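Here numbering that gives the first Met the number 0 is used: the first residue of the sequence shown is 0, the next is one more, and so on. Just so it is clear, CB atoms sit at the ideal spot from N, CA and C, and this is done for glycine as well. This structure is a prediction, so every number in the text was calculated from the model and none was measured. A quick write-up on the structure given underneath.
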Amino acid sequence: MADLMFHFGCGIAAGTVAGLPAVLRHARPPARVSTIAAAWLLSAWAVGLWAIAPSLLRAIGLPSAISAAPCMNIFFFHPLLDRLENGGMLKGEMLTSGAFLLQYLTLVWLIALRNRAASGHQV
0 MADLMFHFGC
10 GIAAGTVAGL
20 PAVLRHARPP
30 ARVSTIAAAW
40 LLSAWAVGLW
50 AIAPSLLRAI
60 GLPSAISAAP
70 CMNIFFFHPL
80 LDRLENGGML
90 KGEMLTSGAF
100 LLQYLTLVWL
110 IALRNRAASG
120 HQV
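This is the structure we're talking about:
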């Protein structure tokens with residue numbers, strides 16, 4: 000059975016990478032990137048929470064047979080990852096940390112880009 004952190008890490012990493020092209024497309028001034036960046040971050044977190052939904056359902060009392068059913072693969076292949084990965088807390092922490100780092104660096108880059116445009120430099 001895969002660790003909850005592994006499922007969350009897979010979800011948030013996938014959500015971060017999937018939304019990054021849209022953020023980069025809208026990063027050119029004078030466009031306001033705060034709205035698209037906020038939507039990107041919220042959607043990445045939502046995908047992470049979506050990935051751990053079967054574990055949360057199991058924690059509130061849903062039988063394991065239901066949360067391990069093949070229909071639960073819509074939650075980011077949750078039962079499949081449970082069968083393939085035993086443990087994985089460290090891997091999950093690394094995935095989550097990598098996603099946070101990518102989000103942070105992207106936001107710093109967007110702020111720097113915005114400041115350069117505001118000061119009159121060619122972007």
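{"Check": "To test your reading of the DSSP string, which unbroken alpha helix (DSSP H) runs of 4 or more residues are found completely within the region 67-110?", "Outcome": "77-83"}
{"Check": "Which residue wins for smallest C-alpha separation from GLY47, given the options LYS90, ILE11, LEU40, ALA64?", "Outcome": "ILE11"}
{"Check": "So what does DSSP say about ALA1, is it helix, strand or coil?", "Outcome": "strand"}
{"Check": "Return the first residue and the last residue of the alpha helix (DSSP H) that ARG57 is part of.", "Outcome": "52-58"}
{"Check": "Please list, in chain order, all residues of the same chain as MET93 whose beta carbon is under 8 Å from its beta carbon, the five residues on each side excluded.", "Outcome": "GLY8"}
{"Check": "Decide if SER118 is buried, meaning its Cβ has at least 16 other Cβ atoms within 10 Å, or exposed.", "Outcome": "exposed"}
{"Check": "Counting C-beta neighbours from all protein chains within 10 Å, is the total for ALA155 16 or more, i.e. buried, or is it exposed?", "Outcome": "Since the displayed the chain opens at 0 and closes at 122, residue 155 lies outside it and no answer follows."}
{"Check": "Are the beta-carbon atoms belonging to GLY87 and ALA43 less than 8 Å from one another?", "Outcome": "no"}
{"Check": "Where does GLY47 fall in DSSP's three states?", "Outcome": "helix"}
{"Check": "Count the CB pairs spanning the region 101-121 and the region 29-38 that are closer than 8 Å, and state whether there are at least three.", "Outcome": "yes"}
{"Check": "In its own chain, which residues sit with a C-beta less than 8 Å from the C-beta of PHE75, not counting the 5 before and 5 after it?", "Outcome": "HIS6, CYS9, GLY10, ALA13, VAL46, TRP49, ALA50"}
{"Check": "Output needed for SER63: all residues of its chain with C-beta closer than 7 Å, excluding positions within five of it in sequence on either side, in chain order.", "Outcome": "ARG57"}
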